[in-house]
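Input: a single structure, listed below in structure tokens.
Residue numbers (my numbering): 4 to 521.
This is how it looks when you write it as structure tokens:
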């Protein structure tokens, strides 16, 4: 009976969702790893689930010479490896592949863009020529050139003028500091309006990250606790059990701060901490995220020394196997000070969160790969049970598990059955898999569909990018020229350096580490 009532109470929001129109999706960098691993499998599954428009085309644009048939053969082999559903459905693939084409050309060759325009026109339908989604799966240094060439070929018009629509989808890293991010924004918006630019952070495509807003603003019981009166502190952990592997060259330039904190962790923090938007439309939600990021207390070099910890792994054991230290990884300097771990304490200077510390951490070669948000509530007043139990009476906590084993758990104290009076923490848990089944679409499926529909809610606006980079830049300035100390190194397979424990100990807090099989 309860199940039937629950089904009757389902509120379907898709009625307000933007419709998808016939269009062409052009992927620049079609020979790259991202296209094979993520983009084509995502488009294949959207076709399979009948989520794409009734008429569409996918065009790969790259410099290597190959035919449509050659590219389809390559993509079919990649799909066998990277599809989330196996085996690949041959009938669905045949239908999908009939919409897939290849255009060979250099990004700097205007003639190649003319060839692309002819291909789009040859499809016959005006919508397939005029409604264009350009996915720039290229190096950021090539964004400006591609966009300029598209504009000069009259394939990209700025704003809403003319028939149809054109949109640009760009990947992170979106710059490597505030200055380069501003330069990229200027290059993109020279030939396209801000509303036409869709900056991807694949983390925002994850079902459980999207659910943060749903959880907060559709449940009044929790939103009333979501403030400085009830919350003692917040912990956000994104841990990885892998090292840098073959990405040492990239990591030497990026480090954990640029690779994870500037985007993923600050994005999750903004969703956890924002004020209720005035509507569920894209701009009000993004307005509130920008307000939150701008409310984070600026970090001076003295603040960085006190409130930010970096770390680097040395050789250790992960999952029973010995792993090399970061300085022994390929393409890494033997005396590198690049951080593979970051922990920081941030404060939000607004009415809701005044005085509440937000602890963020991420690192390579930690004991397991997990992402979670822990809302740690204030301890019980020191009377009754708390007076007798002291620190053994655990404060209540709410944990949002973003991956793996996605779910939500509420931690509270209960009496242990028996004749003696004993109190211990217990969990009330909700599991996505148990409640809704194991199906969870890949992040890129949702993001590509939203881009085709023109819904920018899950994409990052230019002022949001710049606000996040200003935080990251202030941290890097505080680190400038300083070598790692002994307390900032950690063994692979542990939860980070001793210095990160010191960071929380300043206020009498401790890290709550994610657990497997929670």
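C-beta atoms are modelled at their ideal positions from N, C-alpha and C, and glycine is treated no differently.
Check: Going by Cα to Cα distance, which pick from 245, 234, 458 is closest to residue 283?
Finding: When each option's Cα is compared against that of residue 283, the closest is 458.
Item checked: Inter-residue Cα distance where the pair is residue 221 and residue 331 -> Looking at the two C-alpha atoms, the distance is approximately 49 Å.
Note to self: So, for residue 32: in the same chain, excluding its five sequence neighbours on each side, which residues have a beta-carbon less than 6 Å away from its beta-carbon?
What the structure shows: These residues qualify, in order along the chain: 140, 141.
Checklist line | Beta carbon of residue 467 nearer than 8 Å to that of residue 293 | finding: Yes, they are a contact pair.
Notebook entry, point to check: What separation, rounded to the nearest whole angstrom, lies between the Cα atoms of residue 321 and residue 209?
Noted result: The alpha-carbon atoms of residue 321 and residue 209 are separated by roughly 26 Å.
Margin query: Could you check whether the stretch 148–156 touches the stretch 235–242, counting it as contact only if at least three pairs of C-beta atoms, one from each stretch, sit closer than 8 Å?
Written below: With a cut-off of 8 Å, the stretch 235–242 and the stretch 148–156 do not count as touching, because too few Cβ pairs lie within range.
Checklist line | Complete beta strand (DSSP E) runs within the stretch 180–261 (minimum length 3 residues, chain order) | finding: Residue ranges of uninterrupted beta strand (DSSP E) with 3 or more members, entirely inside the stretch 180–261 and ordered along the chain, are 200–202, 234–242.
Margin query: One question on the structure: do residue 170 and residue 119 come within less than 8 Å of each other, judged by their Cβ atoms?
Written below: No. Outside cutoff.
Item checked: Sequence-distant residues of its chain with Cβ nearer than 8 Å to residue 528 (five each side left out) -> Nothing in the structure corresponds to residue 528, since the chain is present only between 4 and 521.
Check: Are there 16 or more other CB atoms within 10 angstroms of the CB of residue 124, so buried, or fewer, so exposed?
Finding: Its Cβ having fewer than 16 others within 10 Å, residue 124 is exposed.
Item checked: Helix, strand or coil at residue 376 according to DSSP, with G and I counted as helix -> Residue 376: strand per DSSP, three-state reduction.
Notebook entry, point to check: residue 460: which of 353, 216, 505 sits nearest, CA to CA?
Noted result: The option with the nearest alpha carbon to residue 460 is 216.
Next item on the list: Report yes or no: do three or more beta-carbon pairs, one from the stretch 127–134 and one from the stretch 79–95, lie closer than 8 Å?
Entry: With a cut-off of 8 Å on Cβ pairs, the stretch 127–134 is not in contact with the stretch 79–95, counting fewer than three such pairs.
Next item on the list: Return the chain-ordered list of same chain residues with a C-beta closer than 7 Å to the C-beta of residue 463, the five sequence neighbours on each side being excluded.
Entry: The answer, listed in chain order, is 202, 204.
Check: At what residues does the beta strand (DSSP E) containing residue 72 begin and finish?
Finding: Bounds of any beta strand (DSSP E) do not take in residue 72; it lies within the alpha helix (DSSP H) bounded by 71–85.
Checklist line | Cα-Cα separation, residue 244 to residue 166 | finding: Across the structure, residue 244 and residue 166 are spaced so that their CA atoms are roughly 49 Å apart.
Next item on the list: Quick one: grab the DSSP three-state call for residue 99.
Entry: In the structure shown, the three-state DSSP call for residue 99 is helix.
Checklist line | Continuous beta strand (DSSP E) stretch holding residue 169: start and end | finding: Residues 169–173.
Notebook entry, point to check: Cα separation between residue 298 and residue 34?
Noted result: Residue 298 and residue 34 have their C-alpha atoms roughly 42 Å apart.
Notebook entry, point to check: Measuring CB to CB, does residue 212 end up less than 8 Å from residue 274?
Noted result: The answer is yes: Cβ separation under 8 Å.
Check: Straight-line CA distance for residue 450 to residue 76?
Finding: Each residue's alpha carbon lies about 25 Å from the other.
Note to self: Across the stretch 468–480 and the stretch 171–180, are there enough close Cβ pairs to call them in contact, namely three or more that are closer than 8 Å?
What the structure shows: Verdict: yes, contact present.
Checklist line | Segments assigned beta strand (DSSP E), at least 3 residues, entirely inside the stretch 312–384 | finding: Taken in chain order, the whole beta strand (DSSP E) runs of length 3 or more contained in the stretch 312–384 are 319–321, 324–326, 344–350, 360–366, 373–380.
Check: Would a C-beta distance cut-off of 8 Å place residue 45 and residue 448 closer than the cut-off?
Finding: Contact flag set, yes.
Item checked: Buried/exposed call for residue 455, threshold 16 Cβ in 10 Å -> By the 10 Å Cβ count, residue 455 comes out buried.
Margin query: DSSP three-state label for residue 471, please.
Written below: Residue 471 falls in the helix class under three-state DSSP.
Next item on the list: Output the distance between the C-alpha atoms of residue 390 and residue 512, rounded to the nearest integer angstrom.
Entry: Confidence at residue 390 is low in this model, with a pLDDT of 48, below 50, so the placement of that residue should be treated as unreliable; the coordinate-derived value is given next. Spanning the alpha carbons of residue 390 and residue 512 requires a straight line of approximately 19 Å.
Notebook entry, point to check: What is the rounded straight-line gap between the Cα of residue 54 and the Cα of residue 107?
Noted result: Straight-line Cα distance between these residues: approximately 28 Å.
Margin query: Could you check whether residue 357 and residue 185 sit closer than 8 Å to each other, using their CB atoms as the reference points?
Written below: No, they are not a contact pair.
Check: Just how far apart, CA to CA, sit residue 311 and residue 477?
Finding: In this structure, the straight-line span from the alpha carbon of residue 311 to that of residue 477 is close to 11 Å.
Check: Do residue 495 and residue 373 have their C-beta atoms within less than 8 Å of each other?
Finding: For residue 495 and residue 373, no; Cβs fall outside 8 Å.
Margin query: DSSP has residue 29 in a bridge; who is on the other side?
Written below: The beta-bridge partner set that DSSP reports for residue 29 consists of 62, 137.
Check: Cα-Cα, which of 436, 61, 266, 109 is closest to residue 68?
Finding: For the set 436, 61, 266, 109, the Cα lying nearest the Cα of residue 68 is the one of 109.
Checklist line | Sheet register partners of residue 403 (DSSP bridge) | finding: Beta-bridge partners assigned by DSSP to residue 403: 376, 411.
Next item on the list: Please check the pair residue 497 and residue 327, which I expect to be a contact at CB under 8 Å, by giving their CB distance rounded to whole angstroms.
Entry: Under the criterion of beta carbons closer than 8 Å, residue 497 and residue 327 do not qualify as touching, at roughly 15 Å.
Item checked: Chain-order list of residues whose beta-carbon lies under 6 Å from that of residue 431 (same chain, five-residue window excluded) -> If you ignore the 5 residues before and after residue 431, its C-beta comes within less than 6 Å of the C-beta of 413, all in its own chain and listed in chain order.
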